[in-house]
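Colleague: Structure incoming, see below.
Structure representation (structure tokens):
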């Protein structure tokens, strides 16, 4: 490795300063500026970075970028240790234990952090896992594979199809459950996608992520993974679920139904919440307690049906005051099959959108309505606006998440090109994605 | 009124059936279909309605539309009473009480429901108010005016400007506080807008809405209005706030800071929540308790500064897997000044959006990042994606709501056409819209 490579991403002034002091990525650096001192490990810059910042990883695990000004003092105070990661020997696999397959798609949970620089690498051999979470050897015989190494914001409907097929292969091999390690950012969307793609599941499919990387004392990776493997191995339900912390403490993991779960905090360990529904189950002290009453039971003899395709011509449009109504026309002109409106309150948008919505429906685009409130149910019979929208042909999404509705419509339009069948599928509860009104019966106004 | 008008909105088959039985809007109707019987008051149809539904208002207050099928039986079982609404005499205004101005923009709270048909009409003379909520006469001398009669989903940035100017006029007249009655759907957006438009406030400006109309036993209208008037008259702070139920019971009203509040449930009375912040204050048993520590104090000598304009060339784009990156280009080509991305997690979007974002920034469009998680803070220094986006020039919005950020940028680009000044304003905490990190100091990577 030459000096340039060892200062990857640095250029101009920042590169010069670092070269002059003979620093390398991984060295301990001290920066003094404006009376404040920062100490940390020098980490690489992004290729898009400027030449005016030096980025270090603080002892807390956070990275900071310090802008170089004439009064900034930078000094090297220690050499980086070369990493020496040696996996411990594989534990003996206990033949009596259930077999669980772990499929990694990337994200914090599936990564091993280079303690020197904070660089994150995929690491998901069974050996790696046992080395990080030795308890797993007492829960299940694990087989692990890396499918992708993606930050979850880069996961697309094409990746959902790949995941679904890979899960199906594992189930065909006879595992008692599948765990999917996934970045938390879009884990809710992927869990919804697999809920529709994998029908008639014989065993549970459990998504798991972590909000804090394994190099931080507050990491939730080990607890979440243990809960997920336990659920895959032993849970009585056969559904797609997400396993994450129930509270900010480490004592319990909840399993959220894949179509009902949403990331509701940027950083807390209990960021995932079941919306408009009870969580499926809780894992506490290695015991699983069911919380939902109605769920498909685990049944290894059941024949999995895989419908893994998704259509990418479905848009999610969040309404706000002053929104340009022409954005609807734009999607229609691009040949979109469906538009999910994230409206206000009980399912409303401004009158200014009525014309483009009418045009969309007339051109055979399915327009559906969820609420940006997130909690609660759309009810488009209460006010004129809702009734007018129903009359225009907008389909109310009951208490379904806008995110789940978007995923469901992507899935629907890969199953059928018939608008009637698409509407029928949208109104059919396929994977617990909505519940029907319990208080009173309403027949919707249909045009 | 001829027969046609008295069956407003009905046509075709539905009109014929209703005419044949000599029914009018307001009559009591019984519909039997599929073994179910529905009884309620016949209400008008939307102009967009079909000819196959009859809509009645059930005793519960809900409207239902029943589709006419060959087996549907419709009968008139009672004649509607003609409404006879007589306002009670105005109470004596007590000269010692503070003066509060109520400005109505529409919405459920500002309306009087025609008990016969459920039709909603604006009704906001002081006399109307005292007749609905007699307690108000003991709290303040009230002057009331109707500014608009709009469902709040139809309120736009132009209306925000009108509201701000009207509030300023009332304050110039020397009132101790202003209450704005508003539909709940976009009340959070309007409250944020007035927080930026009305600077250096001498007295409180309190938005108030209701989730259930006054004709329902569960209505929250009276309690919310009482809390709002009390806060306008006597609260020690001088900010824009929203007054709504704290819980589902009627015992307390909370006052949320206008830039921090969000409607988080479609129908519950406690739908409004302060996000990433304490509420400002609580009203309980006619007493106001401050909950926030830091707030501008009420000071009638302070000189209000009105900056009421908003720019409509600001877009809010919610990210989701598979989003078409060209939607960013579309806004740029339309001459937009700013795009707020509602990204995932700590502030991420897919790599496929990097090129359009770069192009937008290069063309002088401000691109800012909030999180669709809603709770928590964006932190774009933790992962590569965030660092790359910062390097591309995306501005992180700290713990600001995406909705508030959109409103703030609409306001900013009406104040300045300089990008540097706009960025500076965005990063300045103008109305408590964000808080700075408390745990550690980070200097952002700027390109």
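Protein chains in written order, with the numbering used here: chain A, 1 to 447; chain B, 1001 to 1447.
Note that CB positions come from ideal geometry on N, CA and C, so glycine has one too.
1. What are the start and end residues of the alpha helix (DSSP H) that includes residue 289 of chain A?
2. Are the CB atoms of residue 1144 of chain B and residue 1097 of chain B within a distance shorter than 7 Å?
3. Any C-beta of chain A sitting closer than 7 Å to the C-beta of residue 1267 of chain B?
4. Leaving aside the five residues before and after residue 302 of chain A along the sequence, list all residues of the same chain whose C-beta is less than 6 Å from its C-beta, in chain order.
5. Does DSSP put residue 227 of chain A in a helix, a strand or coil?
6. What do you reckon, are the CB atoms on residue 1399 of chain B and residue 1224 of chain B nearer than 7 Å?
7. State the start and end residues of the unbroken beta strand (DSSP E) segment that holds residue 1369 of chain B.
8. Quick one: using the 10 Å Cβ neighbour count with 16 as the cut-off for buried, is residue 210 of chain A buried or exposed?
9. Is residue 1204 of chain B helix, strand or coil when you go by DSSP?
10. In terms of DSSP beta bridges, what is residue 1252 of chain B paired with?
11. Taking CB distances under 7 Å as the criterion, tell me whether residue 30 of chain A reaches chain B.
12. Quick one: what does DSSP say residue 1263 of chain B is sitting in, helix, strand or coil?
13. Is DSSP giving residue 1396 of chain B helix, strand or coil here?
14. For the region 1267 to 1274 of chain B and the region 1413 to 1427 of chain B, state whether three or more C-beta atom pairs, one from each stretch, are separated by less than 8 Å.
15. Less than 7 Å between CB atoms is the rule here; does residue 1156 of chain B satisfy it with respect to chain A?
16. Grab the span of the beta strand (DSSP E) containing residue 1058 of chain B for me, first residue to last.
17. Count the C-beta pairs between the region 1233 to 1243 of chain B and the region 1148 to 1159 of chain B that are closer than 8 Å, then say yes if the count reaches three, no if not.
18. Hey, residue 259 of chain A and residue 376 of chain A: beta-carbon distance below 7 Å or not?
19. Let me know the alpha helix (DSSP H) ranges lying completely inside the region 1302 to 1343 of chain B, each 4 residues or longer, listed in chain order.
20. To the nearest angstrom, report how far apart residue 1421 of chain B and residue 1415 of chain B are at their CA atoms.
21. Taking its Cβ as the centre, do 16 or more other Cβ atoms sit within 10 Å of residue 1158 of chain B, making it buried, or is it exposed?
22. What first and last residue would you give for the beta strand (DSSP E) that runs through residue 195 of chain A?
23. Using beta carbons (cut-off 7 Å, strictly below), is residue 320 of chain A in contact with chain B?
24. Would residue 23 of chain A be called buried (16 or more neighbouring beta carbons within 10 Å of its own) or exposed?
25. Using a Cβ-Cβ cutoff of 9 Å, what residues of the region 379 to 398 of chain A are near chain B? List them in chain order.
26. Does the beta-carbon of residue 60 of chain A, which I'm using as the reference point, lie nearer than 6 Å to any heavy atom of the ligand SAM?
27. Cβ of residue 14 of chain A within 7 Å of Cβ of residue 77 of chain A?
28. If I measure Cβ to Cβ from residue 1379 of chain B and keep anything under 6 Å in the same chain, skipping five residues before and after, which residues do I get?
29. At 8 Å on the CB atoms, spell out the chain A contacts of residue 1406 of chain B, in chain order.
30. For my contact list, residue 1233 of chain B and residue 1100 of chain B are in at a C-beta cut-off of 8 Å; report their separation, rounded to the angstrom.
31. Restricting to Cα atoms, I'd like to know which of B:1295, B:1219, B:1165 and B:1169 is closest to residue 1194 of chain B.
32. Looking at the strands, I want to know which residues DSSP matches up with residue 1272 of chain B.
33. Does residue 276 of chain A come within less than 7 Å of chain B when only Cβ atoms are used?
34. Tell me whether the region 315 to 323 of chain A and the region 1312 to 1329 of chain B touch, counting them as touching only if at least three CB pairs, one residue from each stretch, are closer than 8 Å.
35. Going along chain A in order, which residues have a C-beta closer than 8 Å to the C-beta of residue 1189 of chain B?
36. So, at 8 Å on beta carbons, what are the nonlocal neighbours of residue 1354 of chain B in its own chain, with the 5 sequence-adjacent residues on each side left out?
Modeller: Let me spell this out:
1. Counting along the chain, residue 289 of chain A sits inside no alpha helix (DSSP H); it lies in the beta strand (DSSP E) bounded by residues 287 to 290.
2. Their beta carbons are not under 7 Å apart, which means residue 1097 of chain B does not touch residue 1144 of chain B by this criterion.
3. For residue 1267 of chain B, the answer is yes, since a Cβ of chain A falls inside 7 Å of its Cβ.
4. For residue 302 of chain A, same chain residues with a beta-carbon under 6 Å away, outside a window of 5 residues either side, are 200 and 202 in chain order.
5. If DSSP states are grouped into helix, strand and coil, residue 227 of chain A belongs with the helices.
6. Against a cut-off of 7 Å, the Cβ pair of residue 1224 of chain B and residue 1399 of chain B comes out as no contact.
7. That run of the beta strand (DSSP E) goes 1366 to 1371.
8. With 16 or more other Cβ atoms within 10 Å, it is buried.
9. If DSSP states are grouped into helix, strand and coil, residue 1204 of chain B belongs with coil.
10. DSSP lists B:1284 as partners of residue 1252 of chain B.
11. With its beta carbon at least 7 Å from every one in chain B, residue 30 of chain A lies outside the interface.
12. Note: residue 1263 of chain B maps to strand in three-state DSSP.
13. Annotated three-state conformation of residue 1396 of chain B is strand, per DSSP.
14. Judged by pairs of C-beta atoms under 8 Å, the region 1267 to 1274 of chain B does not touch the region 1413 to 1427 of chain B, as fewer than three such pairs exist.
15. Interface flag for residue 1156 of chain B against chain A is set, since a Cβ pair is found closer than 7 Å.
16. Where residue 1058 of chain B is concerned, the enclosing beta strand (DSSP E) stretches over 1053 to 1058.
17. No: the two stretches stay apart, fewer than three of their Cβ pairs being nearer than 8 Å.
18. For residue 259 of chain A and residue 376 of chain A, no; Cβs fall outside 7 Å.
19. The region 1302 to 1343 of chain B contains these whole alpha helix (DSSP H) runs: 1326 to 1333.
20. When rounded, the distance between both Cα atoms is 9 Å.
21. Burial call: exposed.
22. In this chain, residue 195 of chain A is not harboured by any beta strand (DSSP E); it is covered by the alpha helix (DSSP H) spanning 187 to 197.
23. Yes - at least one Cβ of chain B is within 7 Å of the one on residue 320 of chain A.
24. Residue 23 of chain A is buried by the Cβ-count criterion.
25. Listed by position, the residues of the region 379 to 398 of chain A near chain B (Cβ gap below 9 Å) are 379, 381, 382, 383, 384, 385, 387, 388, 389, 390, 391 and 392.
26. Looking for the ligand SAM in the displayed structure turns up nothing, as the structure carries no ligands at all.
27. Contact flag unset, no.
28. The beta carbon of residue 1379 of chain B sits closer than 6 Å to those of 1346, all from its chain and outside the five residues before and after it, given in chain order.
29. Neighbours of residue 1406 of chain B in chain A, taken as residues at a C-beta separation under 8 Å, are given in chain order as 320.
30. Here residue 1233 of chain B really is in contact with residue 1100 of chain B; their C-beta atoms are around 5 Å apart, less than 8 Å.
31. Comparing Cα positions, the closest option is B:1165.
32. Residue 1272 of chain B pairs with B:1263.
33. So no, residue 276 of chain A is outside the interface.
34. Output reads yes: the region 1312 to 1329 of chain B touches the region 315 to 323 of chain A.
35. 320 and 321, listed in chain order.
36. Close CB contacts of residue 1354 of chain B within its chain, under the 8 Å cut and outside five residues either way in sequence, are with 1388, 1389 and 1392 (chain order).
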